[in-house]
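Report on the following structure.
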Amino acid sequence: MTRDIPAFGLPDRNRQVILHDRPTGIPQAQHFRLATAPVPDPAMGEILVRNIYLSVDPAQRGWAADVANYSPPVPLGEPMRALAVGQVVRSRADGFAEGDFVYGFFGWQDYAAVPPTAVLHRCIEDLPLEAFASLCGINGVTAWLALTGLGRPRAGDTLVVSTAAGSVGSFVGQIGKGLGCRTIGLTGSDAKVAECQARFGYDVALNYHTADLDAALAQAAPGGVNVYYDNTGGPILDTVLRRMAVGGRVVQCGTAAVASWSPPPTGPRNEREILARRLVWSGFVIFDHMDSYAEACAALTDLHAQGRITWTTDMQQGLDQAPGAIAALYDGRNTGKSLIYIG
Ligand SMILES: NC(=O)c1ccc[n+]([C@@H]2O[C@H](COP(=O)([O-])OP(=O)(O)OC[C@H]3O[C@@H](n4cnc5c(N)ncnc54)[C@H](OP(=O)(O)O)[C@@H]3O)[C@@H](O)[C@H]2O)c1
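Sequential numbering of the sequence shown, starting at 14, is according to the numbering used here.
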């Protein structure tokens with residue numbers, strides 16, 4: 014696919030977004046500062062990537078925090094860890110050529126000198142470049158692998174999805190619908206409810222701020238919920254658990270509603286729901302599944318080519334948008350995949 018990227022020279026400076034204060038909750042703009050450094054020189058075995066689209070992900074909250082997590086915290090004074098889509102502008106690594114487009118851990122900055130292990134995916138499919146940070150980014154691939162692998166939906170199942178209008182949630186709803194499920198989306202505004210139904214094909218969509226969720230779920234899923242794809246935890250999860258069908262599967266993909274992780278939060282206890290409903294409750298982290306990434310991306314690209322999956326992108330412009338972008342995501346201000354164009 015021809016990429017519509019303007020020709021550029023190599024400026025001799027690298028603008029960066031530095032993590033300079035450790036957040037205790039959701040990272041705010043004041044936890045970051047803008048800085049400039051020389052453009053790095055790739056060592057032997059490395060590539061120099063010029064970033065085009067910076068990704069904004071809820072996971073960055075965990076990467077910025079100093080709490081037990083699946084990956085170590087970003088050191089203070091370093092560029093914020095982030096996924097990005099970029100172009101290889103210098104290669105000293107086998108298998109990478111200048112001009113290749115890649116998606117991976119390149120940070121919130123203009124340039125990154127990285128080893129090939131930082132690359133999650135090469136942008137070779139016939140898709141718009143920004144789709145490599147959504148459909149074929151961790152969002153689409155997580156939705157595909159976690160739903161099919163852990164949720165194991167069957168035709169006729171009722172599937173409930175939280176953050177249903179967001180990037181992961183919108184893919185989960187569409188994939189589930191395609192597999193024959195009745196889909197119920199939970200989201201945070203009436204505009205997003207409308208988008209869930211009109212664009213992402215949900216059979217039912219509910220605004221969890223205004224609906225009586227328990228009563229609405231009882232009505233929308235009279236036979237119980239077979240698969241709950243949970244991106245929030247907290248009170249929404251507590252409510253859905255009490256509406257699960259016997260033998261249901263809960264996929265724990267995110268915990269957006271959990272305000273603080275330290276000390277570990279406790280709340281309504283759900284052990285009895287797990288027991289009485291014989292539930293299977295599974296956690297998922299995409300970085301455990303890199304061997305399946307290309308296969309999932311191929312399946313998603315195929316669905317897109319058949320007109321069976323779509324996405325929304327929430328595009329901002331300019332590196333200076335990055336510091337406040339994680340807080341905006343947790344405020345629900347994004348519609349679709351949050352990206353920052355710095356090309
Ligand atoms: N486990 C993994 O490997 C993996 C990989 C990728 C993503 N994820 C998780 O998937 C989830 C969605 O990620 P995404 O990138 O697609 O983000 P997103 O859904 O596009 O954006 C985050 C959304 O979370 C919702 N939200 C924020 N605070 C909330 C709260 N207190 N209660 C309920 N909803 C809240 C907001 O939607 P509303 O306006 O609808 O409230 C917001 O738009 C996140 O939890 C993320 O951590 C996990």
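We put the beta carbon where it would ideally sit given N, CA and C, even for glycine. Owing to the predicted nature of the structure, the values given are computational and were not obtained by experimental measurement.
query: Give a yes or no on whether the C-beta atoms belonging to A231 and R256 are separated by under 8 Å.; result: yes
query: Which residues in the same chain as G153 place their Cβ atom closer than 7 Å to its Cβ, once the five residues preceding and following it in sequence are excluded?; result: S147, F184, L313
query: Counting Cβ pairs closer than 8 Å, one from the segment 252-267 and one from the segment 293-302, do we hit at least three?; result: yes
query: Please decide whether R103 counts as near chain C, where near means a Cβ-Cβ distance under 8 Å.; result: Annotation note: the requested chain C is absent from the structure, which comprises a single protein chain.
query: Just mark R13 as buried or exposed, buried being the case when its beta carbon has 16 or more other beta carbons within 10 Å.; result: One cannot answer for residue 13 here, as it falls past the ends of the chain, which runs 14 to 356.
query: So what does V217 bridge to, in DSSP terms?; result: I197
query: Just reading off the beta strand (DSSP E) that A42 is part of, what are its end residues?; result: It is not in any beta strand (DSSP E) - A42 carries neither H nor E in the DSSP assignment.
query: Start and end of the alpha helix (DSSP H) containing T155?; result: 151-159
query: Return helix, strand or coil for L226, following the three-state DSSP convention.; result: helix
query: Using only the alpha-carbon positions, how far apart do R346 and L199 sit?; result: 16 Å
query: Rounded to the nearest angstrom, what separates V238 and G246 at their Cα positions?; result: 16 Å
query: Under 8 Å between the Cβ atoms of A50 and A340?; result: no
query: Are the CB atoms of Y116 and G75 nearer to each other than 8 Å?; result: no
query: In or out: A365 buried (at least 16 other Cβ within 10 Å) or exposed?; result: Any question about residue 365 goes unanswered here, given that the chain covers just 14 to 356.
query: Any chance you could list the beta strand (DSSP E) runs of at least 3 consecutive residues sitting entirely within the segment 313-347, in chain order?; result: 326-330
query: Within its chain, find whatever has a CB closer than 6 Å to the CB of G90; leave out the 5 residues flanking it on each side and keep chain order.; result: none
query: Look up M257 in the DSSP assignment and say whether it is helix, strand or coil.; result: strand
query: Kindly examine ligand 3 and report whether one of its heavy atoms sits closer than 7 Å to the Cβ of G162.; result: For the structure depicted, ligand 3 is absent and the ligand set comprises only ligand 1.
query: As a quick exercise: from A233, Q100, G169, T161, pick the residue whose alpha carbon is nearest that of V132.; result: Q100
query: Would a C-beta distance cut-off of 8 Å place I60 and P129 closer than the cut-off?; result: yes
query: What three-state label does DSSP hand G67 in the structure shown?; result: Note that residue 67 is Leu in the sequence shown here, rather than Gly. Strand.
query: Where does W76 sit, in a helix, a strand or coil, going by DSSP?; result: helix
query: Anyone know if the C-beta pair for N244 and S175 falls short of 8 Å?; result: yes
query: Using DSSP with H/G/I as helix, E/B as strand and the rest coil, what is A48?; result: strand
query: Exposed or buried, what is H44 when buried is set at 16 or more other beta-carbons lying within 10 Å of its beta-carbon?; result: buried
query: Let me know if Y306 comes out buried or exposed under the rule of 16 or more other beta-carbons within 10 Å of its beta-carbon.; result: buried
query: Considering Cα atoms alone, identify which of T252, S275, W274, M303 is closest to P281.; result: T252
query: Which two residues bound the contiguous beta strand (DSSP E) that contains G296?; result: 293-296
query: Within a Cβ cutoff of 6 Å, which residues of the same chain sit near G337, ignoring the five residues on either side of it in sequence?; result: A42
query: Any chance the segment 272-280 sits against the segment 196-213, with 3 or more Cβ pairs inside 8 Å?; result: no
query: Would you say the beta carbon of K205 is closer than 7 Å to some non-hydrogen atom of ligand 1?; result: yes
query: In whole angstroms, what separates the C-alpha of S273 from that of V80?; result: 10 Å
query: Taking buried to mean at least 16 other C-beta atoms within 10 Å of its own C-beta, is R35 buried or exposed?; result: exposed
query: At which residue ranges does the segment 69-128 contain complete alpha helix (DSSP H) runs of 4 or more residues, listed in the order of the chain?; result: 72-77
query: What do you get for P235, buried or exposed, if any count of 16 or more other CB atoms within 10 angstroms of its CB means buried?; result: exposed
query: Using DSSP with H/G/I as helix, E/B as strand and the rest coil, what is G174?; result: A small correction: the amino acid at residue 174 is Val; Gly does not occupy that position in the sequence shown. V174: strand per DSSP, three-state reduction.
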